[in-house]
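Chains as they are written, first to last, in the numbering used here: chain A, 1 to 304; chain B, 1001 to 1387.
Beta carbons: idealized from backbone N, C-alpha and C, even for Gly.
Note sheet for the following structure.
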């Protein structure tokens, strides 16, 4: 409760600083009187090969081997969402606090059946709702970071508020959360070359911070050697119209979904897992450092 | 450096402690104070208690009931005690345990004696430093499934606990300020309190240390000297009062969280360990962390066979042979390789010569670390049996 309040304060105060930065000192009073708090809704859609992702869809021809898959999970967290003005200045969105959004974190969920798509129908959640302070600018871009911020990633999940209390998005062996969870069942299963005894049914992608250490109990700060938080910056934004597409087809475009060379089947963020290299590249991450790549930007998210 | 600084601190404290006749007072900042009966002998430091989960007898007793309750699993078939049995010092005598949905786990079930003193929990994970964090893994893990509590059944499982009349009293007495709320957070904190309270300091070795010169045989004493010798080097990793170099208590100013590769594998001659069990490497992805695991306590080691992180060594005799060889040679199969030449092997594992008599003495010493009280005391036993 206290943490939540404090974080909100931080967000609010950084907004004030940001706003203060907007004025050029000529007529601050005049500027602020034009500022209005407005609400917005930003929609997301999930697709692969131009087909919508849901539990019942079979999507054909994914990856370099043209694998057909059924989805088992498709969820991800984002945080620190900002509008970008045509001037380049950024405006932080203040997320509405509800079961899908806590502090500046929102969960986007396309898994429409529980229990890895084997269970009862459940609602998806494909939008965020937020307030922002509008000074009448034109907004031409959108930025956000995938995952949870470090300050929330190592909280106590047993008493965390929704959506941070979802068991299947907790990643306890890394002392944090899964930032993205996109699991597919390739039709025909997964094989491993030279290992006839290897059998797999799911090609999983779990993104999260790894290489973490530190004990908060004795005053240490939990920090992760590989943060693995993709940053997304999209241009040609049209307020009220633009929808964010997350494209699984692009994510796995250079992957072989029917095979696993080594490591966890699929990619569970292991820095030496061969399946992670191309996936991380599509998210604009450097697999070796867990930081933004110097050579590639993310291509998984785009506007429609 | 750290060790030296620690020694100085310990020495300084010892000097102060000896001064009981003088008027010198020493503020130990609560080092020896606790509302809880730890059953830790005087002179032995107490474990760290998390600020948000101080030890109480009521929480310990609630945790004891939960620890032994199979209803705390998805299909109501598995309790913590299913794989952590008191008669085995809370290990389970299997190479690798089996989860509630019959999945075979990849790592050996650890004994729980003195885990309150572990600097890290699980076999090799620098990010799991509290029992509260560790307990989340067996309860909620999906790969492999242990207790199998998930988003679909977590409310059902919780309701089973709510519906048990015994728990209404226990939760109220453990969490009176909350009116006895039954929540996963409170469940985990209570189990952590019980496990944290599983202290073991009453072995013949401890009795001997406390002055009972009859507690250890001549053979055990010879074995002790071998254990602490530079010939065997056992004590480098299994040193200190808890026989592990990964030990943390509330007197310590500096924390060390070491992990070691002992040369169990050397697949393909490149130092590799089997994919499902690569130790510290699987957390850090640092190539030199391949095959590194935390040195477990040797207290009650007689009762926690089979040994090593994967339960692949059956007896203490084989363990000693393995260390005497300086690593394990696997001739054939997918894990073939000469572990003695694992490039990431700990520098203290170099092999040694040992006679049959010496080996027998060493084993007698290790058996003197068995705490009969720990494995029989009613305090740590299944509370549902007597109810």
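Cβ pair residue i, residue j closer than 8 angstroms
{"i": "residue 1086 (chain B)", "j": "residue 1368 (chain B)", "result": "no"}
{"i": "residue 1371 (chain B)", "j": "residue 1200 (chain B)", "result": "yes"}
{"i": "residue 306 (chain A)", "j": "residue 103 (chain A)", "result": "Outside the displayed span of chain A (1 to 304) sits residue 306 (chain A), for which this structure offers no information."}
{"i": "residue 226 (chain A)", "j": "residue 140 (chain A)", "result": "no"}
{"i": "residue 203 (chain A)", "j": "residue 277 (chain A)", "result": "no"}
{"i": "residue 1349 (chain B)", "j": "residue 1263 (chain B)", "result": "yes"}
{"i": "residue 299 (chain A)", "j": "residue 279 (chain A)", "result": "no"}
{"i": "residue 1147 (chain B)", "j": "residue 1109 (chain B)", "result": "no"}
{"i": "residue 241 (chain A)", "j": "residue 45 (chain A)", "result": "no"}
{"i": "residue 1257 (chain B)", "j": "residue 1047 (chain B)", "result": "no"}
{"i": "residue 1041 (chain B)", "j": "residue 1250 (chain B)", "result": "no"}
{"i": "residue 236 (chain A)", "j": "residue 47 (chain A)", "result": "no"}
{"i": "residue 1166 (chain B)", "j": "residue 1100 (chain B)", "result": "no"}
{"i": "residue 198 (chain A)", "j": "residue 180 (chain A)", "result": "no"}
Cβ-based neighbour list, residue i, same chain, cut-off 8 angstroms, excluding 5 preceding and 5 following
{"i": "residue 1198 (chain B)", "result": "1090, 1112, 1113, 1114, 1115, 1116, 1374, 1380"}
{"i": "residue 1181 (chain B)", "result": "1171, 1175"}
{"i": "residue 287 (chain A)", "result": "271, 276, 277, 280, 281"}
Residues of its chain near residue i, where Cβ-Cβ distance is below 7 angstroms and the 5 sequence neighbours each way are ignored
{"i": "residue 1226 (chain B)", "result": "1232, 1358, 1361, 1362"}
{"i": "residue 125 (chain A)", "result": "100, 107, 108, 109"}
{"i": "residue 1238 (chain B)", "result": "1244, 1295, 1298"}
{"i": "residue 136 (chain A)", "result": "34"}
{"i": "residue 159 (chain A)", "result": "none"}
Which of helix, strand or coil DSSP assigns to residue i
{"i": "residue 1382 (chain B)", "result": "coil"}
{"i": "residue 1361 (chain B)", "result": "helix"}
{"i": "residue 177 (chain A)", "result": "strand"}
{"i": "residue 1088 (chain B)", "result": "helix"}
{"i": "residue 55 (chain A)", "result": "coil"}
{"i": "residue 1235 (chain B)", "result": "helix"}
{"i": "residue 201 (chain A)", "result": "coil"}
{"i": "residue 38 (chain A)", "result": "strand"}
{"i": "residue 291 (chain A)", "result": "coil"}
{"i": "residue 1310 (chain B)", "result": "coil"}
{"i": "residue 249 (chain A)", "result": "helix"}
{"i": "residue 139 (chain A)", "result": "strand"}
{"i": "residue 1026 (chain B)", "result": "At residue 1026 (chain B), the pLDDT of 48 sits below 50, so the modelled position is not reliable; the number obtained from the coordinates is stated separately. In this structure, residue 1026 (chain B) counts as coil in the three-state DSSP scheme."}
{"i": "residue 84 (chain A)", "result": "strand"}
{"i": "residue 981 (chain B)", "result": "Nothing about residue 981 (chain B) can be reported from this structure: the residues present for chain B run from 1001 to 1387 only."}
{"i": "residue 267 (chain A)", "result": "strand"}
{"i": "residue 1117 (chain B)", "result": "helix"}
{"i": "residue 258 (chain A)", "result": "coil"}
Local Cβ density within 10 Å of residue i, reported as buried at 16 or more and exposed below that
{"i": "residue 1300 (chain B)", "result": "buried"}
{"i": "residue 1220 (chain B)", "result": "buried"}
{"i": "residue 295 (chain A)", "result": "exposed"}
{"i": "residue 1150 (chain B)", "result": "buried"}
{"i": "residue 1308 (chain B)", "result": "buried"}
{"i": "residue 1378 (chain B)", "result": "exposed"}
{"i": "residue 1212 (chain B)", "result": "exposed"}
{"i": "residue 1385 (chain B)", "result": "exposed"}
{"i": "residue 1266 (chain B)", "result": "buried"}
{"i": "residue 176 (chain A)", "result": "buried"}
{"i": "residue 1290 (chain B)", "result": "buried"}
{"i": "residue 147 (chain A)", "result": "buried"}
{"i": "residue 1304 (chain B)", "result": "buried"}
{"i": "residue 145 (chain A)", "result": "buried"}
{"i": "residue 162 (chain A)", "result": "exposed"}
{"i": "residue 1022 (chain B)", "result": "With a pLDDT of 41 at residue 1022 (chain B), under the threshold of 50, the predicted position of this residue should be treated as unreliable, though the coordinate-derived value follows. The residue is exposed, with fewer than 16 neighbouring Cβ atoms inside 10 Å."}
{"i": "residue 263 (chain A)", "result": "buried"}
{"i": "residue 1043 (chain B)", "result": "exposed"}
Cutoff 6 angstroms; reference residue i; Cβ partners in own chain excluding five residues on either side
{"i": "residue 39 (chain A)", "result": "131"}
{"i": "residue 93 (chain A)", "result": "81, 130, 132"}
{"i": "residue 1080 (chain B)", "result": "1067"}
{"i": "residue 187 (chain A)", "result": "68"}
{"i": "residue 30 (chain A)", "result": "Confidence at residue 30 (chain A) is low in this model, with a pLDDT of 42, below 50, so its placement is unreliable and the value that follows should be read with caution. Cβ neighbours of residue 30 (chain A) beyond the five flanking positions: none."}
{"i": "residue 1063 (chain B)", "result": "1190, 1191, 1193, 1194"}
{"i": "residue 1216 (chain B)", "result": "1204, 1208, 1368"}
{"i": "residue 184 (chain A)", "result": "69, 71, 203"}
{"i": "residue 201 (chain A)", "result": "185, 189"}
{"i": "residue 1071 (chain B)", "result": "1160"}
{"i": "residue 86 (chain A)", "result": "138, 140"}
Segment contact flag, the region 268-277 of chain A with the region 77-86 of chain A, C-beta cutoff 8 angstroms, min 3 pairs: Segment contact: the region 268-277 of chain A against the region 77-86 of chain A, fewer than three CB-CB distances shorter than 8 angstroms; contact not assigned.
Three or more C-beta pairs below 8 angstroms linking the region 1267-1280 of chain B and the region 1122-1137 of chain B: The region 1267-1280 of chain B makes contact with the region 1122-1137 of chain B: 3 or more CB pairs, one atom from each, lie closer than 8 angstroms.
Three CB pairs or more closer than 8 angstroms across the region 1261-1271 of chain B and the region 1330-1347 of chain B: Yes, they touch.
Contact the region 1181-1200 of chain B vs the region 1323-1335 of chain B: 3+ CB pairs below 8 angstroms: A contact is defined here as three or more CB-CB pairs under 8 angstroms, and the region 1181-1200 of chain B fails this definition with respect to the region 1323-1335 of chain B.
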